[in-house]
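Please read the structure below before turning to the comments.
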Amino acid sequence: MGPRFFTCTHRQTLIYGTIQVSVERANYSFHTRTGRETISSYYLRRYGLLLRSPGHRLVYLREDPGSLLPAELLRLRP
Numbered sequence: 190m191g192p193r194f195f196t197c198t199h200r201q202t203l204i205y206g207t208i209q210v211s212v213e214r215a216n217y218s219f220h221t222r223t224g225r226e227t228i229s230s231y232y233l234r235r236y237g238l239l240l241r242s243p244g245h246r247l248v249y250l251r252e253d254p255g256s257l258l259p260a261e262l263l264r265l266r267p
């Protein structure tokens with residue numbers, strides 16, 4: 190699968206790129222200014238979204254390797 194258009198449902202934005210599967214899951218924690226936070230807790234705090242599948246692996250755009258996103262928040266555009 191090559192580059193495709195996707196909609197980020199949490200921000201209603203259109204992104205373009207090649208989706209790659211990460212080894213990290215939504216319980217992966219990262220450094221913030223105030224300490225450490227998991228991807229799940231970030232989406233709950235920032236967008237009010239409780240992830241349905243926090244144990245699933247995250248995805249990222251090959252063109253932007255720092256972008257870790259829960260796959261359940263992406264929709265493939267026709």
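One gets this note's numbering by counting positions in the sequence shown from 1 and adding 189 to each. A virtual CB, placed ideally from N, CA and C, is assigned to each residue, including glycine.
Any chain C beta carbon closer than 8 Å to residue i
i, result
"Gly-244", "Of the protein chains in this structure there is only one, and it is not chain C."
Within 8 Å, strictly: CB atoms of residue i and residue j
i, j, result
"Leu-263", "Ile-228", "no"
"Arg-214", "His-245", "yes"
"Thr-202", "Gly-191", "no"
Euclidean distance between Cα positions of residue i and residue j
i, j, result
"Arg-222", "Tyr-231", "13 Å"
"Thr-198", "Glu-261", "9 Å"
"Arg-225", "Tyr-217", "10 Å"
"Ser-211", "Asp-253", "12 Å"
"Arg-200", "Leu-240", "15 Å"
Buried/exposed call for residue i, threshold 16 Cβ in 10 Å
i, result
"Phe-195", "buried"
Every unbroken beta strand (DSSP E) inside the stretch 203–253 [3 residues or more]: Every beta strand (DSSP E) stretch that sits fully inside the stretch 203–253 and reaches 3 residues is listed by chain position as 208–214, 218–221, 224–227, 246–250.
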